[in-house]
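FYI, the working numbering numbers position 853 of the sequence shown as 1322, with every residue one higher than the one before it. Let me begin by presenting the structure, written as C-alpha cells, before commenting on it.
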Amino acid sequence: MPRPFQSPQIQARPPPPAAGQFAGQGQQTAPGSPAINPIGFINGGQPPNGQGQNRSQPPTPRMQSQQQQHQQGPPPTSQQLHQQQPLYHQQQQQQQPHQQQHPSQPPQFGQQQHQQQQHQQQQHQQPHMGQDLGLMAGPPTPTPQAGAQKSKRMYPAGISAYAEPAQNYEATPNNTGFQNPGVPAPPAMGGMQQPPHPGQGSQFFVPGEKQASAFGQSVPAYQQGLQPLVGQPLQPNVNQLAGQMGGMNLNNTGYGGSQGIVPISTVALMGSAPKIFDLDAPPPPIRLPETSSITQSPFANCDPSYKRSTLNAIPATSQLLTKSRLPFGLVITPYRSVKEGDEPVPVVSDSIIARCRRCRTYINPFVKFVEGGQRWKCNMCYTLNEVPSSFDYDSQTQQPVDRWRRKELNHAVVEYIAPTEYMIRPPQPLVYMFVIDVSYPAIQCGMVATAATTILESLDRIPNDEGRTKVGIITVDSSIHFYNLQSPSGEPQMMVVSDLEEAFLPQPQDLLCNLSECRPVLEALLNRMSDMFKDTQNVGNALGPALNSAYKLVSPIGGKIMCLQASLPNLEAGALKMREDPKLLGTAKESSLLQSASSFYKSLAVECSKSQVCVDMFLFGSQYSDVATLSCLPRFTGGSTFFYPAFTAAKSEDALKFAHELAEFLSQRIALEAVMRVRASKGLRMSAFYGNFFVRSTDLLSLPNVPRDQSYSIEVSFDDNLNIPVVCFQTALLHTSSSGERRIRVLTLALPVTTSLSELYASADQVAITTLLACKGVERGMNAKLDDARDALTNKVVDILGVYKTHMTASSSGATPNLQICDNLKLLPLLTLGMLKHVGLRGGSQIPSDLRSYAMHLLSTLPSQSLIPFLHPRFYSLHDMPEHCGTIGAQGIEMPQTMNLSSERLSRSGLFMLEDGQNIFLWIGRDAVPQLCMDLFGVPSYASIRGGKTTLPTLETDFNQRVNLIVSKAREMRRTSYFSQLYVVKEDGDAALRLWFLSHLIEDRAEPIMSYYQYLGHLKDR
C-alpha cells in the first residue's frame, strides 16, 4: 500500500529533453626568470627569422551536407504528470498561488532527404611541399631482427587512419517515409583517389592492423557531433552563399562553415520564462572540414570540460570580431578531476615526443603527414618537421607499431611522460608544511582541535605512493613554535622562537621529515596539539614571520604551505589592522576594501612562485579576517582559499564542513612545479590571463601547484587576419605528478574559421562567455569600482543584442516589440543578471568585504560546470516530486526537475530545495502538513521544526531517505572539494536567513536590482 500522503497513481516524470548535441568541442612578471626554460620553448614561442617557413596554405576542404537539428519543447507540466496530487500538496491546494503552466509543444522535425552519391568526385588540391602524389602505397612491413637498425616506415602522403573503406550502412526508412542516412563513409584522402566501394580490395597499403576496430567503442554523447559528415555529395558555392546571405542581414543562414548551412534560430526573450533546461546543454557544435583530423577519432577534439572557447567558429578578421561585440577567449581546466565513468587521460609512455622545430607545438590529430609519412606539417605554423625515427617502432618489443594507433594522433587530451631534457632538477617530492594559528581565538572556536584531528585521520589519504612525501608543522601565536619530528626519543620536541624580527630555523634538518619515517612522532603531536594550548590567553599572531620561516624550510625543495588562520595578524611583518568600515560599504570607495592592505604578502607570493612554493589559506572569521589581503598568497602561487565565516566547532555542521574540505584537499592528486603555455595558430595571441598563477613571461604561466578543478580564463586577440580554414589552440602543462613523474599534459582544440557574422553568433558558447565575463567583472571590481564592473557587464549584453538586432534580424531599424537573440545565447541575459545579483558583484551596504572577497575568488577560479550553478542555483520542488526521484536509477540518484528561480514557484504547503554548490537550502511553507514534518524531520508539526544550519535526520521513512539521497547527490554533482552546508528556511522563521534564500531567486525583484523581466526591458530601452 502506498503511504497516505502519496498518490497511488503518480507517474514517473520523464527526463528533461535534450537541448542539443555537443559537437566537439594585470599580472606582473617575476624578475630573474631561469635561464633554462624547462618546457623547451624557443624564443618565447616565436619562430626564428627565416627558419623553416612554409607559406603554402592548406587546401580548401570539401563541403558537407546539412546536419539535421531537432528542437524539443519544454517538459510536461505537473498537471500532465500527476493524476492525483500527494496529500503534501492537496491539503492547502486552494491557498496556493496560481502557477502559470506552459504547455509542451510537440517537437518539430525537419525533413531531410538522403541523396545517394552517384559518382565519385575528384578532389583538386595543390600538393604540399615535398608531397609525392604518385606514391600510392608504402613498402611492405619489414621483418624485425635482433640488433637490426630501425628504419622509417613509408606512409602515403596525406593518408588517414581510415584509408580502407569502412563498413557500409544502408539508409533505412523512418516513420515519416523518408530515408535516414546511414553511418557516413570515411573521408577522401587529400591528393589521392577516393577509397573503393566496400567489398573491393583496398588500393593502399595501410601499415599495421586494420583500423576499423581502433575506435569501435561507442562515442560519448558529448562527442557525437564531432564526427564530420564525410562521404556526402559536394554542394558547390555553399560558402559563397552563406557569406552573401549573412551580408544581407537575413536570419536564415547560420553556423556551418564548410559543412553546409545550418539555420540560425532566433528566439524572443520577452514574454516567456527563460528555458533554464538549456543551462545543462552542450555548447554549439564544432563543425570542422572533413579532412581536418588525420585519424577521424571521436576524441580528436578537446572535451569542453578541459578547454572550451567562447566562440566555436573563429572570425577571420579582427574587424569581424569587433563588429560582433562577442568576447573571444578560452576557459581552461587542465587538471580536472576524473570521476567514476570518466575516461582517464591517455598517457604516452615511450618518451617519444614529436614537436615542431619552429613553434614547439606538440604533434596532435590535426597535423598532416607528407613525403610518404616521413615528415609532418605543423598545424600552427605549417613548418615541415621530421618524424622521429622511433615513432613507428617499439624499442621494448622490437616490433613495428601502427602509427595511426598512437594516442597523440587520436586524442586531443594526452599526457607524455617527460624525458630528462624536460627537467632542470629531479622531480620534487610532495611537501606539506602546516602553519597553524594557536592564538586564543583559534583555540576558542575549536579550529585547532578540528584541524589536528582531520590531519591525523587523513594521513593515509595523503598521496605517498613512492614514500617520498614530506611533512612539517609550525604553530604560531606571539611566538613561532617549531617541532622536531625526528627526535631520537620518539616524542615530538617543541622549539620556540620569540625573536620575530630575525626569526631563525632551529635544527632545520629535523623540521621537515619523511611522512613514512616520522609518522609515529607526527601522530603523537597531532593527538596532543589541542591540549597543549587549551589554556592559552595569548591573542597575538605573528603570521608574517611564521610564513617567512615556512618559506625558508620549503623553498629548497618546493611544495605546499597550508596556513590555517583564525585571527587577524597583528605582530611584526605582515601585521594587519581592522579596516572594515560600514560607511564605505555600497559606496564608490568600497573597492579599496577589496584590495590588499599590505605589500608584504604579494612580495612573499612572488618569492614563493620562484621557488615552486604554493600557499593555501584556510581562514576562519569569527571577526574581520581581511580575506582580500590574505588571499593574495594563493592568487599568485596557484593555491586555493577557503573561508569559514563565524566558524565554531561546537556546531557540528561547521566542524563537518571544514573537516570534509580539508580532508578532500589533502587527498587530492595535484600537479607540482608546473608551467603552462597556450599556443595558437599564426595571427592570434593570448592577451590577458585570469586565475590563480603568476605570469613569468609574456605568455608563460608559473603554477607552483595546480589544484584539481581550478579554472583559468584567457582572452585572445588578433595580430593578423586569418587566411586558413581551421585555427588550433594548444595548451601545454609541464608538471610533476603526485607520484614523482615529470609529465606534460597537452590539450588541443581545433575550431573552424568563418567570415560570416551569422556563423559567428550561431557558434557562441553562452557558458564560456559567462565564465570569461565573470573573471573580467571581478578584476574590474577590485581594481576600479564595483559600479564600473556592473555597468561593463550590462553594456556587453546591450552591445551583443544591438548587433544581433541590426545585422541578424529583419527589424534592423526602429523600435521592436521584443528582444531577439540566437537560441544558443538566449540565457546570456539571465546569467548576466545572476552575476549582477551575486554577492561578489551585487550592490548594497549589507555585504561584508570578507564575504565579497571570497565570492570574487570563487567567481574567478571555479570551472564552468560549477560556476553556472553558483550564479544560477538549481531549484527543486520536493513535496510533489515523482516517485522515482530520490531513488537510485541507471544513471545514479534520480534528481527532480529544476524550476525557474522565482518566488511564484513557492507554495505555503510545499517543501523546496535550492543549491548553488556552496550551500543547500530547504524552504518549507508554514502550512506544511504534519505528515510531511513527521516523515522528513521526525517532528509532529511545522512549529517543532528547527530552522537554520542543520543536518537532516536519518529516518526509516521513504520520503526522508529520498530527500537525503537528493541532498547527497547535490553535494557530489560539483567537481570541487567544497562541501555544501544545509540550511532549513522556515517561511516565517529567521528574517535574515529568509532574505538570504530569497536573494537567490534572481528572476524576482530584489532592491535595488531589477527582476528578470525588468532587466530585459532595461536592455531593450538601451
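All C-beta atoms in this analysis are idealised placements derived from N, C-alpha and C, irrespective of residue type, glycine included.
(request) Rounded to whole angstroms, what's the CA-CA distance from MET1155 to ALA1042? Just pull it up for me. (result) Locating residue 1155 in the sequence shown gives position 686, where the first residue counts as 1. Locating residue 1042 in the sequence shown gives position 573, where the first residue counts as 1. Their Cα atoms are separated by approximately 37 Å.
(request) Express the C-alpha separation of LYS939 and ARG930 in angstroms, rounding to a whole number. (result) Counting from one through the sequence shown, the residue named residue 930 turns up at place 461. Counting from one through the sequence shown, the residue named residue 939 turns up at place 470. Cα to Cα, ARG930 sits roughly 14 Å from LYS939.
(message) Across the segment 1353 to 1363 and the segment 1321 to 1340, are there enough close Cβ pairs to call them in contact, namely three or more that are closer than 8 Å?
(response) Touching, no.
(message) What does the Cβ neighbour count give for GLU1384, buried or exposed, with the cut at 16 atoms within 10 Å?
(response) Translated into positions along the sequence shown, residue 1384 becomes position 915. When all chains shown are included, GLU1384 counts as buried.
(request) Jot down the residue ranges of each uninterrupted alpha helix (DSSP H) in the segment 920 to 1001, minimum 4 residues, whole runs only, in chain order. (result) Correct list: 984 to 1001.
(request) Consult DSSP for PRO1173 and reduce its assignment to one of helix, strand or coil. (result) Residue 1173 sits at position 704 when you count from the first residue of the sequence shown. Note: PRO1173 maps to strand in three-state DSSP.
(request) State buried or exposed for PRO1103, treating a residue as buried only when at least 16 other CB atoms are found within 10 Å of its CB. (result) Here the question's residue 1103 lines up with position 634 in the sequence shown. Per the 10 Å Cβ criterion, buried.
(message) Would the segment 1399 to 1414 count as touching the segment 1318 to 1329 if we require 3 or more Cβ pairs under 8 Å?
(response) Fewer than three Cβ pairs drawn from the segment 1399 to 1414 and the segment 1318 to 1329 lie within less than 8 Å of each other, which leaves the two stretches out of contact.
(request) Return the CA-CA distance between LYS837 and LEU853, expressed in angstroms with no decimal places. (result) What you label residue 837 is simply residue 368 of the sequence shown in a count that begins at 1. What you label residue 853 is simply residue 384 of the sequence shown in a count that begins at 1. About 9 Å.
(request) Compute the distance between the beta-carbons of THR1356 and LEU1255, then report whether it is under 9 Å. (result) To locate residue 1356, count along the sequence shown from 1; it is residue 887. To locate residue 1255, count along the sequence shown from 1; it is residue 786. No, Cβ-Cβ distance for THR1356 and LEU1255 is not below 9 Å.
(message) If I follow the unbroken beta strand (DSSP E) through LYS776, where does it start and stop?
(response) As a first step, residue 776 is located in the sequence shown; it is residue number 307 there, counting from the start. Unbroken beta strand (DSSP E) run through LYS776: 776 to 778.
(request) Within the same chain, show all residues whose beta-carbon is closer than 6 Å to that of LYS744, passing over the 5 residues directly before and after it, in chain order. (result) Locating residue 744 in the sequence shown gives position 275, where the first residue counts as 1. Within the same chain, LYS744 has no close Cβ partners at all.
(request) Alpha carbon to alpha carbon, how far is GLY1055 from PHE1158? Give it in angstroms, no decimals. (result) Taking the first residue of the sequence shown as position 1, residue 1158 is located at position 689. Taking the first residue of the sequence shown as position 1, residue 1055 is located at position 586. Roughly 28 Å between the two C-alpha positions.
(message) Less than 6 Å between C-beta atoms, sequence neighbours within five positions excluded: which residues of the same chain meet that for ARG1343?
(response) Position 874 of the sequence shown holds residue 1343. Within its own chain, the residues whose Cβ lies closer than 6 Å to the Cβ of ARG1343, once the five positions on either side in sequence are excluded, are THR1367 and GLU1384, listed in chain order.
(message) Using 9 Å as the threshold, is the C-beta distance between GLY1209 and PHE1187 below it?
(response) Stepping through the sequence shown from its first residue, residue 1209 is reached at position 740. Stepping through the sequence shown from its first residue, residue 1187 is reached at position 718. The criterion of a C-beta distance shorter than 9 Å is not satisfied by GLY1209 and PHE1187.
(message) For the beta strand (DSSP E) containing ALA1143, name the first residue and the last one.
(response) Sequence index remark: in the sequence shown, residue 1143 carries index 674 (1-based). That run of the beta strand (DSSP E) goes 1140 to 1149.
(message) The alpha helix (DSSP H) that contains MET1277, what's its start and end?
(response) Your numbering for residue 1277 matches position 808 in the sequence shown. Taken as a continuous stretch (DSSP letters only), the alpha helix (DSSP H) holding MET1277 covers 1255 to 1277.
(request) Taking the CB atoms as reference points, tell me whether PHE768 and VAL856 lie closer together than 9 Å. (result) The count along the sequence shown starts at 1 and reaches residue 768 at position 299. The count along the sequence shown starts at 1 and reaches residue 856 at position 387. Against a cut-off of 9 Å, the Cβ pair of VAL856 and PHE768 comes out as no contact.
(message) For THR786, list the residues DSSP reports as bridge partners.
(response) Residue mapping note: residue 786 aligns to position 317 of the sequence shown, counting from 1. Answer by DSSP bridge pairing: none, since THR786 is not bridged.
(message) Once the 5 residues before and after ARG432 are set aside, which same chain residues still bring their CB inside 6 Å of it?
(response) The question about residue 432 has no answer here: the residues shown for the chain are numbered 470 through 1491.
(request) Could you please give the first and the last residue of the uninterrupted beta strand (DSSP E) stretch that includes TRP1392? (result) Here residue 1392 corresponds to residue number 923 of the sequence shown, with the count starting at 1. That run of the beta strand (DSSP E) goes 1388 to 1393.
(message) Between the alpha carbons of ILE1478 and LEU1424, how many angstroms are there, rounded?
(response) On the sequence shown, residue 1478 is found 1009 positions in, with the first residue counted as 1. On the sequence shown, residue 1424 is found 955 positions in, with the first residue counted as 1. Taking the straight line from one Cα to the other gives about 41 Å.
(message) Among GLY1013, VAL1023 and SER947, whose alpha-carbon lies nearest the alpha-carbon of LEU980?
(response) Numbered from 1 along the sequence shown, position 511 holds the residue referred to as residue 980. When only C-alpha atoms are compared, the closest one is VAL1023.
(message) Can you check which of these residues, GLN1081, LEU1037, PRO977 and THR786, is closest to PRO910 by C-alpha distance?
(response) As a working note, residue 910 is residue 441 in the sequence shown. Of GLN1081, LEU1037, PRO977 and THR786, the residue nearest in Cα terms is LEU1037.
(message) Quick check on ARG531: buried or exposed, where buried means 16 or more other Cβ atoms within 10 Å of its Cβ?
(response) Sequence index remark: in the sequence shown, residue 531 carries index 62 (1-based). In this prediction, ARG531 scores a pLDDT of 37, lower than 50, which makes its location untrustworthy; no coordinate-derived value is stated.
(request) Mind reading off the beta-carbon distance from LEU1099 to GLN1034? Whole number of angstroms is fine, and I expect it under 8 Å. (result) Numbered from its first residue, the sequence shown carries residue 1099 at position 630. Numbered from its first residue, the sequence shown carries residue 1034 at position 565. Indeed they touch by this definition, with Cβ atoms about 7 Å apart.
(request) List the residues that DSSP assigns as beta-bridge partners of HIS1204. (result) As a first step, residue 1204 must be located in the sequence shown, where it is residue number 735. For HIS1204, which the question treats as bridged, DSSP gives the partners ARG1212.
(request) In the DSSP assignment, find the unbroken beta strand (DSSP E) run with GLN1289 in it and report its ends. (result) Within the sequence shown, residue 1289 is the residue found at index 820, counting from 1. Counting along the chain, the unbroken beta strand (DSSP E) around GLN1289 starts and ends at 1289 to 1291.
(message) Within 10 Å of its beta-carbon, does ALA887 have 16 or more other beta-carbons around it, so buried, or fewer, so exposed?
(response) Along the sequence shown, read from residue 1 onward, the residue named residue 887 stands at position 418. Buried, by the Cβ-count rule.
(message) Short of 7 Å in beta carbon distance, which residues of its chain neighbour ASN1007, apart from the five on each side in sequence? Order them along the chain.
(response) Position 538 of the sequence shown, counted from the first residue, corresponds to residue 1007. Excluding residues within five positions, the ones whose Cβ falls inside 7 Å are SER908, TYR909, ASP946 and SER947.
(message) Please state whether the Cβ-Cβ distance between PRO961 and VAL917 is less than 9 Å.
(response) Here residue 961 corresponds to residue number 492 of the sequence shown, with the count starting at 1. Here residue 917 corresponds to residue number 448 of the sequence shown, with the count starting at 1. No.
(message) I'd like the list of long-range same chain contacts for SER1449, defined as Cβ closer than 7 Å, with 5 residues on each side in sequence excluded.
(response) Mapped onto the sequence shown, residue 1449 falls at position 980. In chain order, GLU1384, GLY1386, GLN1387, ASN1388, ILE1389, ALA1439 and ARG1440 place their CB closer than 7 Å to the CB of SER1449, counting only its own chain and leaving out the 5 sequence neighbours on each side.
(message) Let's test the definition: count the other Cβ atoms within 10 Å of the Cβ of LYS1306 and tell me whether it reaches 16, buried, or not, exposed.
(response) Locating residue 1306 in the sequence shown gives position 837, counting from the first residue. LYS1306 comes out buried.
(request) Taking the CB atoms as reference points, tell me whether VAL1195 and VAL1222 lie closer together than 9 Å. (result) To locate residue 1195, count along the sequence shown from 1; it is residue 726. To locate residue 1222, count along the sequence shown from 1; it is residue 753. With contacts defined by Cβ atoms closer than 9 Å, VAL1195 and VAL1222 form a contacting pair.
(request) Could you say if the segment 794 to 805 and the segment 867 to 874 meet the contact criterion of at least three C-beta pairs nearer than 8 Å? (result) The segment 794 to 805 vs the segment 867 to 874: no contact.
(request) Can you give me the Cβ contacts of LEU1294 inside the same chain, cut-off strictly under 6 Å, excluding the 5 residues immediately before and after it? (result) Here the question's residue 1294 lines up with position 825 in the sequence shown. If we look at LEU1294 and ignore the five residues flanking it on each side, its Cβ neighbours are ALA1233 and GLN1235.
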